[in-house]
Amino acid sequence: MKPHQHPSIRLRRPFSQLVIALVIVLGSSIPLASTALEAKRTVPAGTRLSLALVGYNYTSRYIDTFSVNGQGGGNLYVSSPTSGGGGAVCCVSYVQGRPMGEVTIRWQSGGCTFRAPGPMADGRTHLAHSFFREIRVKVDPRLPDDPQEFEVHFYPDGHVEAAITDGSSSPRLVYSKGREDRSEFPRCPNEKEPKK
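The sequence shown begins at 1 in UniProt numbering and counts up one residue at a time.
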């Protein structure tokens, strides 16, 4: 120690060197960690996965319910420029590396209204009867390395597309939410619920 130095200065130098060393080590490891997080994982072939089921509604009407191979997908509002209209629900089963071929998609495609005895002021309750459509849809054969979601896209012309993706996609068609048809369904014939 030099005669004009205070004893604590000698302690500060090793401490400051330690701080500098930590900053260098941590600073150089952050890019490595972020690179590792950004790298896509590859799921081994044959691994059974549960994919989130997500719907995109490009029609002008709310879809009250839809399903893929019997697995319910929830309800779908009309899409907007930034949203497909629905959220993710669990799950569609998928085996990595195997093309899915075709799936059965069923959805509410319309309805009619009728009145039945009930607690309303006129002694009747207004009810809706849903009509469903069911079709077989070929799943897009392009498969990601890290599948996360099973997407179903409902188009205005009535056709439906399905794909397995590695995350949420932007809507394929960009429409204004203002196109939504909020009118009531027409009345059922004879004001009665149709027979199933």
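Note that the Cβ used here is the ideal one computed from N, Cα and C, for glycine as well.
Taking residue 179 as reference, the option from 77, 52, 71 and 162 with the minimal CA-CA separation is 77. In the structure shown, residue 115 adopts extended strand secondary structure according to DSSP, grouped into three states. Here residue 129 is not near residue 115, since their CB atoms are 8 Å or more apart. When the Cα atoms are used, residue 166 and residue 193 turn out to be separated by approximately 43 Å. Of the residues 63, 61 and 91, the one whose Cα lies closest to the Cα of residue 70 is 91. For residue 80, no beta strand (DSSP E) segment is defined, and its DSSP state is neither H nor E. Per the coordinates, the alpha-carbon of residue 141 lies some 9 Å from the alpha-carbon of residue 98.
Distance check between residue 68 and each of 51, 80, 106 and 75 places 106 closest, using alpha-carbon atoms only.
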